[in-house]
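So the sequence lines, in the order shown, correspond to chains V and Y.
Here my numbering is used: the first residue of the first sequence is 20, the next is one more, and so on.
Here my numbering is used: the first residue of the second sequence is 20, the next is one more, and so on.
Yeah, the Cβ is synthetic: ideal placement off N, Cα and C, and Gly gets one too.
Computed from a prediction, not measured in an experiment: that's the story for all the values here.
Number of protein chains: 2
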Amino acid sequence: MDIQLKRGMLDACVLAAIKNEDSYGYKIIKDLKPYVVLSESTLYTILKRLEAARMLTVRTAEHDGRLRKYYHITEAGLRRIEEFKEEFKEVISIYQFVTKEDVHHE
Amino acid sequence: MDIQLKRGMLDACVLAAIKNEDSYGYKIIKDLKPYVVLSESTLYTILKRLEAARMLTVRTAEHDGRLRKYYHITEAGLRRIEEFKEEFKEVISIYQFVTKEDVHHE
DNA sequence: ATGGAATACATCATATCACGAGGTATTGTG
DNA sequence: CACAATACCTCGTGATATGATGTATTCCAT
Numbered sequence: 020m021d022i023q024l025k026r027g028m029l030d031a032c033v034l035a036a037i038k039n040e041d042s043y044g045y046k047i048i049k050d051l052k053p054y055v056v057l058s059e060s061t062l063y064t065i066l067k068r069l070e071a072a073r074m075l076t077v078r079t080a081e082h083d084g085r086l087r088k089y090y091h092i093t094e095a096g097l098r099r100i101e102e103f104k105e106e107f108k109e110v111i112s113i114y115q116f117v118t119k120e121d122v123h124h125e
Numbered sequence: 020m021d022i023q024l025k026r027g028m029l030d031a032c033v034l035a036a037i038k039n040e041d042s043y044g045y046k047i048i049k050d051l052k053p054y055v056v057l058s059e060s061t062l063y064t065i066l067k068r069l070e071a072a073r074m075l076t077v078r079t080a081e082h083d084g085r086l087r088k089y090y091h092i093t094e095a096g097l098r099r100i101e102e103f104k105e106e107f108k109e110v111i112s113i114y115q116f117v118t119k120e121d122v123h124h125e
């Protein structure tokens, strides 16, 4: 998938991935894979960004002797998802413009 | 509208704007305004890019003593639009993932 | 007739961001 | 014992949308 087209959807994807249940980096990537492939470097960049924007909080926990950083969505994060849904209406309208069939002029 | 969300749609928008009829910069911006607002600097960047990718050709013509650069879509440009339509299916599937309601676990 | 809006083009510097390359460390498996 | 998988991280790069800025002409209201 075109990188540019992904942009603007990735933040919402990551937030959606932790919406129902706290999750951690490696799991988020696997959960998103069927819908959108993103590399680790991309994910960690996004997680940092979302944390800075206070759309999620982080908690470190041990699991089988390995550290995991669990991400939890905040109110702002949930609002971001709603915002995305609103904006997507515009995306649809743009799509309709692009796919609109020729009006034949004579 | 979020800048990031626009990305990846703009090229297709501009191509769609000249698909039915050759057009020029100023007119493209006005035609797209109801769907997506883009500045002149953005448009000219895109037009340059699309020209370099041979998705459109340029012809300069005089109109009321003023020069206009008319852009004409090529086969590659039309193909790009079709490609966009295909990719949009993935966009929809991502949207559905994001808006998917909670599956309540117990 | 004069000034400002509209038309029409263009360049440049900047900020955002996805990603590959590379790194560390542990656990599970053939 | 080596290699995949798990799990985290940083840095440099390239793509790109945009504001600021510039040039020049035409149209229109005062």
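State yes or no: is the C-beta of V:Tyr114 within less than 7 Å of the C-beta of V:Ile37? no
Hey, would you say V:Thr76 sits closer than 7 Å to V:Lys88, going by beta carbons? No. Outside cutoff.
Within 7 Å (strictly less), CB to CB, does Y:Thr79 reach chain V? No - not a single Cβ of chain V is within 7 Å of the one on Y:Thr79.
Which same chain residues, not among the five before or five after V:Tyr43, have their C-beta less than 8 Å away from its C-beta? Arg87, Lys88, Tyr89 and Tyr90
So for Y:Lys67, helix, strand or coil by DSSP? The answer is helix: DSSP assigns Y:Lys67 an H, G or I state.
Considering only DSSP beta bridges, list what V:Ser42 is partnered with. V:Tyr90
Report the residue from V:Arg73, V:Phe107, V:Ile48 and V:Glu120 whose alpha carbon sits nearest the alpha carbon of V:Leu97. V:Arg73
Compute the Euclidean distance between the alpha carbons of V:Glu134 and V:Ala95, then round it to the nearest angstrom. Not covered by the structure: residue 134 of chain V. The range shown for chain V is 20 to 125.
I'd like to know whether the C-beta atoms of V:Ala3 and V:Ile111 end up nearer to each other than 7 Å. This structure cannot settle anything about residue 3 of chain V, because the visible part of chain V is limited to 20 through 125.
Any idea which residues DSSP pairs Y:Thr76 with across the strands? Y:His91
Using the rule of at least 16 other Cβ atoms within 10 Å of the residue's Cβ for burial, across every protein chain shown, is V:Tyr63 buried or exposed? Exposed: under 16 other Cβ atoms inside 10 Å.
Can you give the Cα-Cα distance for V:Thr102 and Y:Leu29, rounded to whole angstroms? It should be noted that the sequence gives Glu, not Thr, for residue 102 of chain V. Their backbone Cα atoms lie some 21 Å apart in a straight line.
Let me know the secondary structure DSSP gives Y:Arg26 once reduced to three states. It is coil, neither helix nor strand.
How long is the line joining the alpha carbons of V:Met20 and Y:Lys46, rounded to whole angstroms? 30 Å
Contact list for V:Val56 against chain Y, beta-carbon separation under 7 Å: By Cβ distance, chain Y contributes nothing, its closest Cβ being about 10 Å from V:Val56, past 7 Å.
Among the candidates Y:Glu109, Y:Arg26, Y:Thr118 and Y:Lys119, whose CA atom is the shortest distance from the CA of Y:Ile65? Y:Arg26
Alpha-carbon to alpha-carbon, Y:Val55 and V:Thr61: 27 Å
Local conformation of Y:Glu59 per DSSP, three classes: Of the three classes helix, strand and coil, the one that applies to Y:Glu59 here is helix, per DSSP.
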